[in-house]
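A.B. asks: If you're matching positions, the sequence shown starts at 1 in UniProt numbering and goes up one per residue.
C-beta: ideal position from N, C-alpha, C; glycine also.
Sharing a structure below in structure tokens format, with a few things to ask.
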Amino acid sequence: MTIHRMDNVGIVVDDLDAAIAFFTELGMELEGRMPIEGSWAGSVVGLADMRSEIAMMRIPDGPGRLELAKYHTPEAITPEPEITPANTLGLHRVMFAVDDIEDTLARLRPHGAELVGEVARYEDSYLLCYLRGPSGIILALAEQLG
Numbered sequence: 001m002t003i004h005r006m007d008n009v010g011i012v013v014d015d016l017d018a019a020i021a022f023f024t025e026l027g028m029e030l031e032g033r034m035p036i037e038g039s040w041a042g043s044v045v046g047l048a049d050m051r052s053e054i055a056m057m058r059i060p061d062g063p064g065r066l067e068l069a070k071y072h073t074p075e076a077i078t079p080e081p082e083i084t085p086a087n088t089l090g091l092h093r094v095m096f097a098v099d100d101i102e103d104t105l106a107r108l109r110p111h112g113a114e115l116v117g118e119v120a121r122y123e124d125s126y127l128l129c130y131l132r133g134p135s136g137i138i139l140a141l142a143e144q145l146g
């Protein structure tokens, strides 16, 4: 059995417009936006009477995509605590390689981005950081040095 590709990573958000704006500022493009509902959708995700809206974001000229989902019914569940630490079980973060971490952070801060820790240097190879975006999403950024 062969895996052909990783198609996308799904992220549940509470404000779809804010998440789209955030990831657009990061450099992704909106590929499409549509409602998802009906018995077929509920049977896939295991939620009766499910109604949601998704936005597919893609990396320009690249294979990576994010599926942002806003659940209207049933409403999304907020984890306890709402802001979970980096060692919480489950999907942890999505990492993006960027040209300039400081510029990227400056562009994302008006969209609610906050550093989780600080920008750190790994040897002479990378600048790295974790940041929290809309709906508590954790992103990692990596800037290759030299």
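List the residues that DSSP assigns as beta-bridge partners of LEU128.
C.D. replies: LEU128 pairs with ALA120 and ALA142.
A.B. asks: Going by beta-carbon coordinates alone, are ALA142 and LEU131 separated by less than 8 Å?
C.D. replies: Cβ atoms of ALA142 and LEU131: not closer than 8 Å.
A.B. asks: So what does DSSP say about GLU82, is it helix, strand or coil?
C.D. replies: In the structure shown, GLU82 sits in coil (DSSP, three-state: anything other than H, G, I, E or B).
A.B. asks: So, are the CB atoms of VAL94 and VAL9 less than 8 Å apart?
C.D. replies: For VAL94 and VAL9, yes; Cβs fall inside 8 Å.
A.B. asks: Just to check my reading of the structure: ALA18 and PRO134 have Cβ atoms closer than 8 Å, yes? What is that Cβ distance to the nearest angstrom?
C.D. replies: Contact flag correct, Cβ pair sits at about 5 Å.
A.B. asks: In three-state terms, what does DSSP make of LEU16?
C.D. replies: Three-state DSSP puts LEU16 in a helix.
A.B. asks: Alpha carbon to alpha carbon, what distance is there between GLY46 and SER39?
C.D. replies: Cα to Cα, the separation comes out at about 10 Å.
A.B. asks: Assuming MET50 and GLU37 make a contact with CB atoms under 8 Å, what is their CB distance in whole Å?
C.D. replies: Correct: roughly 6 Å between the Cβ atoms.
A.B. asks: Would you report the Cα separation of GLY117 and GLU102, rounded to the nearest angstrom?
C.D. replies: When rounded, the distance between both Cα atoms is 14 Å.
A.B. asks: Using 8 Å for Cβ pairs, my map puts ILE137 next to ILE11. What's the rounded Cβ distance?
C.D. replies: Indeed, because the Cβ distance is near 6 Å, the residues count as touching under 8 Å.
A.B. asks: Do LEU26 and PHE96 count as a contact pair if the criterion is CB distance below 8 Å?
C.D. replies: Going by C-beta atoms, PHE96 is nearer than 8 Å to LEU26.
A.B. asks: Does the beta-carbon of TYR71 have 16 or more other beta-carbons within 10 angstroms, so that it is buried, or is it exposed?
C.D. replies: Looking at its Cβ environment, which holds 16 or more other Cβ atoms inside 10 Å, TYR71 is buried.
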